[in-house]
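Trainee: Per the working numbering, the sequence shown starts with residue 2, numbered consecutively.
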Amino acid sequence: MDFNLPESALAVRDGVAAVAAKYDNAYWSRCEEEHRFPDEVFKDLGDGGWLGLCIPEEYGGGGQGLLELAVANDTLCASGGTQGTFIYVTTPGFGAMTLVRHGTEEQKQRILPGLAAGEIQFSFALTEPDAGSNAIEITTAARRDGDDFLIKGQKVWISNVERADWMVAVTRTVPAAEAKEAGGNRTHGFTLFLVDVKEALAAGTLSYTPIPKMGSNILNSSQVFFDDVRVPAENVLGEVDRGFGVLWDVLNPERILAAAGGVGSADAALDVAAQYARERVVFGRPIGANQAIQFPLAQIKAKTELARLMTYKAAWLFDQGLMCGNEANVAKLTGAQVAWEAADQAFQTLGGMAYSKEYPIERMFRDARIGKNIPVSEQLVLAHIGTSMLGLPKSY
2 MDFNLPESAL
12 AVRDGVAAVA
22 AKYDNAYWSR
32 CEEEHRFPDE
42 VFKDLGDGGW
52 LGLCIPEEYG
62 GGGQGLLELA
72 VANDTLCASG
82 GTQGTFIYVT
92 TPGFGAMTLV
102 RHGTEEQKQR
112 ILPGLAAGEI
122 QFSFALTEPD
132 AGSNAIEITT
142 AARRDGDDFL
152 IKGQKVWISN
162 VERADWMVAV
172 TRTVPAAEAK
182 EAGGNRTHGF
192 TLFLVDVKEA
202 LAAGTLSYTP
212 IPKMGSNILN
222 SSQVFFDDVR
232 VPAENVLGEV
242 DRGFGVLWDV
252 LNPERILAAA
262 GGVGSADAAL
272 DVAAQYARER
282 VVFGRPIGAN
292 QAIQFPLAQI
302 KAKTELARLM
312 TYKAAWLFDQ
322 GLMCGNEANV
332 AKLTGAQVAW
342 EAADQAFQTL
352 GGMAYSKEYP
362 IERMFRDARI
372 GKNIPVSEQL
382 VLAHIGTSML
392 GLPKSY
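1. Taking the DSSP output, what are the residues bridged to Ile159?
2. Enumerate in chain order the residues of its own chain whose CB-to-CB distance from His431 is below 6 Å, with the five nearest sequence positions on each side excluded.
3. Hey, Asn291 and Leu220: beta-carbon distance below 8 Å or not?
4. Quick check on the burial criterion: 16 or more other C-beta atoms within 10 angstroms. Buried or exposed for Asn330?
5. I'd like the span of the alpha helix (DSSP H) that includes Ser134, first residue to last.
6. How would you write the range of the beta strand (DSSP E) that Met215 sits in, first residue to last?
7. Should Val282 go down as buried or exposed, given a rule of 16 or more other Cβ atoms within 10 Å for buried?
8. Pick out the complete alpha helix (DSSP H) segments inside the region 218-286, 4 residues or longer, and give them in chain order.
9. Taking buried to mean at least 16 other C-beta atoms within 10 Å of its own C-beta, is Asp197 buried or exposed?
10. Does the distance from the CB of Thr172 to the CB of Ile152 come in under 8 Å?
11. Anyone know if the C-beta pair for Val225 and Thr192 falls short of 8 Å?
12. Closer than 7 Å by C-beta to Gly333: which residues in its own chain qualify, once you throw out the five before and the five after it? Chain order, please.
13. I'd like the list of long-range same chain contacts for Gly16, defined as Cβ closer than 7 Å, with 5 residues on each side in sequence excluded.
14. DSSP three-state label for Ala22, please.
15. Restricting to runs no shorter than 4 residues, where is the alpha helix (DSSP H) found entirely within the region 298-323?
16. Could you tell me whether the region 286-304 touches the region 113-132, where touching means 3 or more Cβ pairs closer than 8 Å?
17. When we look at the beta-carbon of Asp75 and count the other beta-carbons within 10 Å, is it buried (16 or more) or exposed?
18. Is Tyr360 helix, strand or coil when you go by DSSP?
19. Please name the residue, chosen from Gln84, Ala79 and Gln65, that lies closest to Ala1 on a Cα-to-Cα basis.
20. Near Ala337, which residues of its chain fall below 6 Å by C-beta distance, leaving aside the five closest residues on each side in sequence?
21. Note down, in chain order, each residue of its chain lying with its Cβ closer than 7 Å to the Cβ of Gln346, except the 5 sequence neighbours on either side.
22. Of the choices Glu106, Asp148 and Met390, whose alpha-carbon is the least far from that of Pro400?
23. To the nearest angstrom, how far is the alpha carbon of Arg243 from that of Gly190?
24. Assuming Asp270 contacts Ala343 (C-beta within less than 8 Å), just tell me the rounded distance between them.
25. DSSP three-state label for Val196, please.
26. Identify every run of the alpha helix (DSSP H) within the region 15-65, keeping only runs that are complete inside it and at least 4 residues long; order them along the chain.
27. So, helix, strand or coil for Ile88, using DSSP?
28. According to DSSP, simplified to helix, strand and coil, what is Ser9?
29. In chain order, which beta strand (DSSP E) runs of at least 3 residues are fully inside the region 93-152?
30. Are the region 166-181 and the region 125-141 touching by the rule of at least three beta carbon pairs closer than 8 Å?
31. When the Cα atoms are used, what is the spatial distance from Ser266 to Gln84?
32. By Cβ distance, which residues of its chain are closer than 6 Å to Phe125, with the 5 residues on each side in sequence left out?
33. Compute the distance between the beta-carbons of Phe227 and Thr141, then report whether it is under 8 Å.
34. Quick one: grab the DSSP three-state call for Thr206.
So this is what it looks like as structure tokens:
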């Protein structure tokens, strides 16, 4: 369904679909089995300009916005590449979108052309062992050292470190305990930095340890250790101590892109289930003729289209510079839910065959489950909806 999408978004959908058509479910399953990044897909998307969509034309990009990125991610995931969400979240989302909105002219000229060409990859470091959803309590600290800053601390569940050229690192330049007194509220004292990952790794001040996990193994999720990582002051994103607004301009696009990946992944699972239900004959007729099979799939399809509509609305609001926090959270909640429901019902539709690696459902099932926990837990999203949209008292 097109939802009256602009011509730019329709062109993105068709262009990414043409790239995705070259890579079937078996390809994505092999990448998962081999714990291998889909380099071929990334290169094709970069060569076609589909990674630089939100980058202004003067830096080699497509001059589009988050809506086009969301459509691209939706399309890639719907093709069967359910793990493809990481491609669009890590580099175009964390990297390009953040730099376009908050980078200095020097930062943009230095990094955006490489991002647009698919030659540079990004990572984003926020979550800590003792500060997940409660980002206010992060303790990774950056302190002045002449014209530079030194970053010290630990992050966890950080994706794509092993491939990243640059990392957006979220730090405290004012400790949480002092923030309220210093700036009037707990969000004072955040500073975001562009960290040259390869330089810091070579210097031995940055290190990481991959975390063994049940799925989405096309890239690692790692513990990351900062041991006085040196970052020049020119690599600050936004203003020192006033980075919380920049952070929200990272988190809202992340949620919207995750939602787009969710609705695309739901369609991918529904496609496998519907094909099997058309072809599998039991008691003399296709099982898809049975309402016990057909109706649950139809219900999930309806939910998918509703979640897609909210996802695209949230992206459009962001592009217009309008408030989109409520919509981003509703999109993330419903996108994750339909991805999981579709994978679960597809598993049930295939019966015992769903457990076989002959079909991609076992992979889609594992991929879909994590969406209910990241990039923000379902419970915290519901708490936001309850307080922000219903006016209920805060529970935390």
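All residues carry an ideal CB built from backbone N, CA and C; glycine is no exception.
Remember, it's a predicted structure, so these values are computed and weren't measured experimentally.
Mentor: Looking at the coordinates:
1. Ser223
2. No answer is possible for residue 431: it lies beyond the span of the chain, which begins at 2 and ends at 397.
3. no
4. buried
5. Counting along the chain, Ser134 falls outside any alpha helix (DSSP H), and DSSP gives it neither H nor E.
6. Segment: none, Met215 is in no beta strand (DSSP E) and carries neither H nor E.
7. exposed
8. 245-280
9. buried
10. yes
11. no
12. At residue 333 the sequence reads Lys, which differs from the Gly that was named. Excluding residues within five positions, the ones whose Cβ falls inside 7 Å are Arg256, Ala259, Ala260, Val377 and Val382.
13. Gly49 and Trp51
14. coil
15. none
16. no
17. buried
18. coil
19. The requested residue 1 is not part of the displayed model; the chain covers only 2 to 397.
20. Gly263, Gly372 and Lys373
21. Ala274, Pro297, Leu298 and Ile301
22. The chain is shown from 2 up to 397; residue 400 falls before or after that span and cannot be answered.
23. 6 Å
24. In the sequence as presented, Asp is not what sits at residue 270; that position holds Ala. That pair is a contact at about 4 Å.
25. strand
26. 26-34 and 40-48
27. helix
28. helix
29. 123-126 and 142-146
30. yes
31. 9 Å
32. Phe95 and Val169
33. yes
34. coil
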